[in-house]
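Data first, discussion second: the structure below is written as structure tokens.
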Amino acid sequence: LLTMGILLFSIFLAAMGIFLSKYYEKQKVLRRLEVQTTQTRSEADRVMAKRKRIREIVSLHEDATRLFEELIRVYQTLPKEIFMTDLQLTAKRHLVIQGRADSMTGVFDFVNGLKGSPAFKGIDNKRMTKRIVSNQEVVDFEIDCALEPPPSLFAESTP
Numbered sequence: 046l047l048t049m050g051i052l053l054f055s056i057f058l059a060a061m062g063i064f065l066s067k068y069y070e071k072q073k074v075l076r077r078l079e080v081q082t083t084q085t086r087s088e089a090d091r092v093m094a095k096r097k098r099i100r101e102i103v104s105l106h107e108d109a110t111r112l113f114e115e116l117i118r119v120y121q122t123l124p125k126e127i128f129m130t131d132l133q134l135t136a137k138r139h140l141v142i143q144g145r146a147d148s149m150t151g152v153f154d155f156v157n158g159l160k161g162s163p164a165f166k167g168i169d170n171k172r173m174t175k176r177i178v179s180n181q182e183v184v185d186f187e188i189d190c191a192l193e194p195p196p197s198l199f200a201e202s203t204p
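Residue numbering for the sequence shown is 46 to 204, as defined by the working numbering.
Quick look at the structure:
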């Protein structure tokens with residue numbers, strides 16, 4: 046019986062020794078991986094920042110391309126009595142169009158044409174003033190419209 050107890054105790058110690066050596070090896074590997082992760086974290090952060098910047102640039106390119114396409118379309122449908130004198134793109138994604146027209150009807154037609162475009166929303170005729178130039182009545186106008194954001198190539202992808 047004593048021999049059997051010693052044998053069981055020896056098996057228990059051997060099993061415990063194997064378990065502890067495996068545990069120690071896993072802890073050693075885990076510490077080495079933590080060191081490697083710490084060493085590569087700053088580089089990974091730099092890569093993620095560059096990836097984000099690339100997404101922003103692609104988005105800006107998409108926006109600019111779409112804006113130019115819409116401006117060409119607007120220009121092609123621009124009534125002959127409308128003359129654009131200034132275009133401004135604000136940081137808040139608004140397009141401010143200033144110009145001159147032969148009549149108020151021409152300005153209203155132009156605004157209605159803009160409303161038909163999916164690229165513009167919230168179109169607001171900010172100012173229309175009549176004045177006389179060379180014995181002819183002209184209308185100066187200012188139109189503000191928000192740009193509808195285009196669908197992105199990177200629609201909520203995981204980093």
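All C-beta atoms in this analysis are idealised placements derived from N, C-alpha and C, irrespective of residue type, glycine included.
query                                                                                              : result
Reduced DSSP category for Ala60 - H, G, I as helix; E, B as strand; rest coil                      : helix
Cβ contact (3+ pairs, closer than 8 angstroms) linking the segment 171–183 and the segment 135–150 : yes
Where Gly151 falls, given that 16 or more other Cβ within 10 Å makes a residue buried              : buried
For Lys137, the nearest candidate out of Tyr120, Ala191 and His106 (CA to CA)                      : Ala191
For Arg172, the nearest candidate out of Phe153, Glu114, Lys73 and Ile117 (CA to CA)               : Phe153
Arg76 - DSSP class collapsed to helix/strand/coil                                                  : helix
Distance CB(Phe155)-CB(Ile177) smaller than 8 angstroms                                            : no
Extent of the continuous beta strand (DSSP E) run through Leu192                                   : Gln181 to Leu192
Beta-bridge partners of Phe128, as assigned by DSSP                                                : Arg145
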